[in-house]
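Its first residue numbered 1411, the sequence shown is counted upward by one per residue in the working numbering.
Note that CB positions come from ideal geometry on N, CA and C, so glycine has one too.
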Amino acid sequence: MKNPIYVTKPFLPKKKTLNMYINEIYLSRRLTNHGTLVRELEQKLKEYFQAKNVILVANGTLALQIAYKSMNIKGKAITTPFSFVATTSSLVWEGIKPIFADIDPKKLTIDPEKIRKAIDPTVTGIVPVHVYGNACDIERIKEISDEYGLNVVYDAAHAFGVKYRGKNILNYGDASIISFHATKLFHTIEGGAIVTQNDDIAHRARLMRDFGIADIDKVEDIGINAKMNEFEAAMGLSILGQVGKIIAKRKAVWREYHDLLDGYVEFPELTEGVEWNYSYVPILLKDESQLLKLVKVLEEKAIYPRRYFYPSLDTLPYITERHNSPISRNISERVLCLPTYSEISTEEVDNIARTIKMEVRS
Ligand SMILES: *Cc1c(COP(=O)(O)O)cnc(C)c1O
């Protein structure tokens, strides 16, 4: 049996590079609590994102939770039903009721007109997602949030290295969060960050990730433990220099799939003004039955794409209020993410694309 091909494979840096940082940890004996490596990574990411404040945390989900709390989002928040489950579950976990606004059928990001329609006096925030790294309609979301005085937290978990109108995409909204989970384009094994231009939000988020402790013997605010550790920072520092290469490879993989499959399956549209990171290869099939047949054929060849994102989040068992997100439900039934990672070969991509072509033609 051939080696299985999964939707992704975590990137690993050269052992020599990683060891250099691990040796530093052995010398300092500082394993966590904002050691030198976490601080170094925070500084380097600040430069990379061209951001005023970068707060590293233990994962992207905690980044969302802390972001909501740091700007007092409560009551209800408007969000997209088409995302990874953490976008919704983090809201519910914080006692905030998610209200779903349906998506644009081509770009797959939240539809600003549907946000406007969902606003009522108990809504305090908007949590849109730059899904697959594609930008939301940032200008119109800003207009709406300004008009109603709502806070905006962008879930930019997929958007490492993405630029929008020449600026790193993490610099929009009141805050953006990003995930550095092992399966993401850039990772720290587990990890994430809150990025914000607002110093007050940054100050609260920094306290909150560390139990609310401001200084020895001084607790200033409610907090939780969301600290990144030194080993995770070592992984991040070892990978950061490789990000250019990682994105270039994903771009080449996406191009190859696109060249072979254009006209046979649908590719989501990119938003104008985006410099994309090619982090995922989502394709849309005709319907769910075509998708399920295709998945079966690929699995017989030990190829495992993933149904990112299925199911539509408005259908989660703990969402009791009925929502009407027909576009998200339809898309989630027929979207599939194809394998992409640094070691995938042109032959493998070619083989996957040919299999899909055969299947959708029949
Ligand atoms: C991965 C992801 C998260 C959660 O990040 P973790 O680091 O895994 O906690 C949140 N939102 C989206 C859209 C994601 O893809």
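Quiz prompt | Spatially closest choice to Ser1589 from Gln1607, Phe1570, Thr1606 and Gly1576, by CA coordinates | solution = It is Phe1570.
Self-check item: Rounded separation between Leu1560 and Lys1486 - CA only
Solution: 11 angstroms
Quiz item: Quick one: what's got a C-beta closer than 7 angstroms to Asn1635's C-beta in the same chain, skipping five residues either side?
Solution: Phe1621
Quiz item: Taking 8 angstroms as the cut-off, does the CB of Asp1565 come closer than this to any heavy atom belonging to ligand 1?
Solution: At least one heavy atom of ligand 1 lies less than 8 angstroms from the C-beta of Asp1565.
Quiz item: So, is Lys1479 buried or exposed, given that buried needs 16 or more other C-beta atoms within 10 angstroms?
Solution: buried
Quiz item: Is Asn1469 near ligand 1, in the sense that its beta carbon is under 8 angstroms from a heavy atom of that ligand?
Solution: yes
Practice problem: Grab me the residues of Ala1624's own chain with a C-beta within less than 7 angstroms of its C-beta, minus the 5 sequence neighbours each way, in chain order. | Solution: Taking C-beta separations shorter than 7 angstroms and ignoring five residues to either side along the sequence, the partners of Ala1624 in its chain run Leu1617 and Glu1630, following chain order.
Quiz item: Can you tell me whether DSSP reads Ser1589 as helix, strand or coil?
Solution: strand
Quiz prompt | Burial state of Met1430, where buried means 16 or more other Cβ atoms lie within 10 Å | solution = exposed
Quiz item: In its own chain, which residues sit with a C-beta less than 6 angstroms from the C-beta of Leu1694, not counting the 5 before and 5 after it?
Solution: Glu1676, Arg1744 and Val1745
Quiz prompt | Simplified DSSP state of Thr1639, which is helix, strand or coil | solution = This sequence places Asn at residue 1639; Thr is not what is there. Asn1639 falls in the coil class under three-state DSSP.
Quiz item: By Cβ distance, which residues of its chain are closer than 7 angstroms to Ile1536, with the 5 residues on each side in sequence left out?
Solution: Ala1487, Ile1488, Ile1525, Ile1551, Ser1555, Leu1560 and Val1562
Quiz prompt | First and last residue of the uninterrupted alpha helix (DSSP H) at Ile1432 | solution = Bounds of the alpha helix (DSSP H) holding Ile1432 are Lys1425 to Ser1438.
Exercise. Please find out if some non-hydrogen atom of ligand 1 comes closer than 8 angstroms to the beta-carbon of Glu1778.
Key: Coverage of the chain is limited to positions 1411 through 1772, which leaves residue 1778 absent and any answer about it impossible.
Exercise. Would you be able to state if there are at least three C-beta pairs under 8 angstroms between the segment 1608–1617 and the segment 1452–1465?
Key: yes
Exercise. Note the first and the last residue of the continuous alpha helix (DSSP H) segment covering Lys1486.
Key: It is not in any alpha helix (DSSP H) - Lys1486 instead sits in the beta strand (DSSP E) that spans Lys1486 to Thr1489.
Exercise. Give, in chain order, every unbroken run of the beta strand (DSSP E) that is at least 3 residues long and sits entirely within the segment 1684–1716.
Key: Correct list: 1692–1694.
Quiz prompt | Distance CB(Leu1708)-CB(Val1770) smaller than 9 angstroms | solution = Between Leu1708 and Val1770, the C-beta spacing is not below 9 angstroms.
Quiz prompt | Identity of the residue in Glu1731, Ile1762 and Phe1421 nearest Asp1669 by Cα | solution = Ranked by how close their Cα comes to the Cα of Asp1669, the residues Glu1731, Ile1762 and Phe1421 have Ile1762 in first place.
Quiz item: When you compare only the Cα positions, how much space is there between Leu1518 and Asp1627?
Solution: 48 angstroms
Quiz item: Can you check whether the CB of Ser1499 is closer than 9 angstroms to the CB of Asp1565?
Solution: no
Quiz item: Per DSSP, what kind of secondary structure is Lys1577 in: helix, strand or coil?
Solution: Here Lys1577 carries a strand assignment [DSSP, helix/strand/coil].
Quiz item: From what residue to what residue does the alpha helix (DSSP H) around Val1653 run?
Solution: Val1653 to Leu1671
Practice problem: Please state if the CB of Gly1601 and the CB of Ala1468 are separated by a distance shorter than 9 angstroms. | Solution: yes
Exercise. Determine the contact status of Ile1520 and Ile1529, defining contact as a CB-CB distance below 9 angstroms.
Key: No.
Exercise. Could you tell me if the beta carbon of Ser1493 falls within a distance shorter than 8 angstroms of some heavy atom in ligand 1?
Key: Indeed, a heavy atom of ligand 1 lies less than 8 angstroms from the Cβ.
Quiz item: Using a threshold of 8 angstroms, is the CB atom of Lys1594 nearer than that to any non-hydrogen atom of ligand 1?
Solution: yes
Quiz item: Between Lys1484, His1597, Trp1664 and Glu1682, which lies nearest to Gly1646 when the distance is taken from Cα to Cα?
Solution: His1597
Quiz item: Which of helix, strand or coil does DSSP assign to Lys1507?
Solution: strand
Quiz item: Nearest CA to the CA of Thr1418: which residue from Pro1538, Pro1522, Val1653 and Cys1747?
Solution: Thr1418 has its Cα closest to that of Cys1747, out of Pro1538, Pro1522, Val1653 and Cys1747.
Exercise. Can you say whether Tyr1714 is buried or exposed, counting buried as having 16 or more other CB atoms within 10 angstroms of its CB?
Key: exposed
Quiz item: Quick one: is Val1502 buried, meaning 16 or more other Cβ sit within 10 Å of its Cβ, or exposed?
Solution: exposed
Quiz item: Would Gly1576 be called buried (16 or more neighbouring beta carbons within 10 Å of its own) or exposed?
Solution: exposed
Exercise. Using only the heavy atoms of ligand 1, determine whether one of them is closer than 8 angstroms to the beta carbon of Leu1746.
Key: Not a single heavy atom of ligand 1 lies less than 8 angstroms from the C-beta of Leu1746.
Practice problem: Starting from the N-terminal side, write out each stretch of the beta strand (DSSP E) that is 3 residues or longer and does not extend beyond the segment 1447–1492. | Solution: 1463–1467 and 1486–1489
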